[in-house]
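Read top to bottom, the protein sequences are chains P and V.
Numbered per the working numbering, the first sequence finishes at 135, counting up by one with no gaps.
Numbered per the working numbering, the second sequence finishes at 135, counting up by one with no gaps.
Backbone N, C-alpha and C fix where the C-beta goes; we use that ideal spot for every residue, glycine too.
Data first, discussion second: the structure below is written as structure tokens.
There are 2 protein chains.
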Amino acid sequence: MKALLLVAHGSRRAASNDEIRALTARLRDIDAEFDRVDCAFLELAEPSIPEGIRSAIHAGARQLVVLPYFLSAGRHVSEDIPGEVNSARSEYPDTEIMLAPYLGASAEIGRLLVMQASEAIGS
Amino acid sequence: MKALLLVAHGSRRAASNDEIRALTARLRDIDAEFDRVDCAFLELAEPSIPEGIRSAIHAGARQLVVLPYFLSAGRHVSEDIPGEVNSARSEYPDTEIMLAPYLGASAEIGRLLVMQASEAIGS
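Here it is as structure tokens:
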């Protein structure tokens, strides 16, 4: 079973965390490949990253992709999230846990921004 | 002349701000519609939003799209950036200044995330 865990920073604003949960629900609809899609938060909201990983694995995930929903490669992306992933790899050696590049690293972001800007100009 | 101003939060980490500048350079390459593409920062980095808007208008922009490079609709997206845009509209009544939806509002984000996760799993 393949699972995807979208990892966001987490916010004191409940609405921001709910935005992530709504996006996660949309991913479930879009997706054809992953049997399970969940979100987790680095801080300030629940579930935490270890909790999110544990839930997916307890539900039967044998391949788990952790995808950081971040725009820039700060400490959270370069250290904190990889640290959590490495801990989980030690704890669950039978599960293949992969860390995808953070969203801002996507080569597609540029095209998406230009599309969004063009729509704003009504062309 | 049409101009695009990508607005990011700004960071104390120079590398994060440089990531935005590199993305802005990629937008110039991708884009066919905008004659000018620049970035500006809400705080912690230069140029500021008013400076970015002024530069584009002084360079001849008659239509300017401001696009918030943010993932969630917090105070920055819902209040601070619209406030800056409204001030600029008062100051430059001859320029059409449009505020595009923030990146996280894009309907395409979900598809992009699923694509990125699938690449991580090697399928």
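Supposed contact pair residue j and residue i - C-beta distance, whole angstroms, cut 8 Å
| i | j | result |
| --- | --- | --- |
| V77 (chain V) | A129 (chain P) | 5 Å |
| M13 (chain V) | A85 (chain V) | 30 Å between Cβ atoms; not a contact. |
| G122 (chain P) | R38 (chain V) | 5 Å |
CB contact flag (residue i, residue j, <8 Å)
| i | j | result |
| --- | --- | --- |
| L115 (chain V) | L125 (chain P) | yes |
| G64 (chain P) | L17 (chain P) | yes |
| A68 (chain V) | I61 (chain V) | no |
| E108 (chain P) | Q75 (chain P) | yes |
| R40 (chain P) | A71 (chain P) | no |
| A112 (chain P) | L83 (chain P) | no |
| A132 (chain P) | M110 (chain V) | yes |
Closest Cα partner of residue i within the set the options
| i | options | result |
| --- | --- | --- |
| Y104 (chain V) | V:R66, V:R25, V:S23, V:L39 | V:R66 |
| A26 (chain P) | V:L54, V:R40, V:R87, V:S102 | V:R87 |
| L56 (chain V) | V:A112, V:V19, V:I109 | V:V19 |
Alpha-carbon spacing of residue i relative to residue j, whole angstroms
| i | j | result |
| --- | --- | --- |
| M147 (chain P) | I93 (chain V) | Here chain P covers residues 13 to 135 and nothing more, so residue 147 (chain P) does not appear. |
| S23 (chain V) | Y81 (chain V) | 13 Å |
| S118 (chain V) | A15 (chain P) | 23 Å |
| P59 (chain P) | N29 (chain P) | 11 Å |
| G134 (chain P) | D50 (chain P) | 35 Å |
| I9 (chain P) | D106 (chain V) | Nothing about residue 9 (chain P) can be read from this structure; chain P reaches only from 13 to 135. |
| I32 (chain V) | S99 (chain P) | 31 Å |
| V89 (chain P) | F46 (chain P) | 23 Å |
| E91 (chain P) | L54 (chain V) | 25 Å |
| H21 (chain V) | H21 (chain P) | 15 Å |
| G95 (chain V) | G95 (chain P) | 39 Å |
Check: residue i C-beta below 7 Å from any heavy atom of the ligand ATP
| i | result |
| --- | --- |
| D30 (chain P) | Among the components modelled here there is no ligand, and therefore nothing to report on the ligand ATP. |
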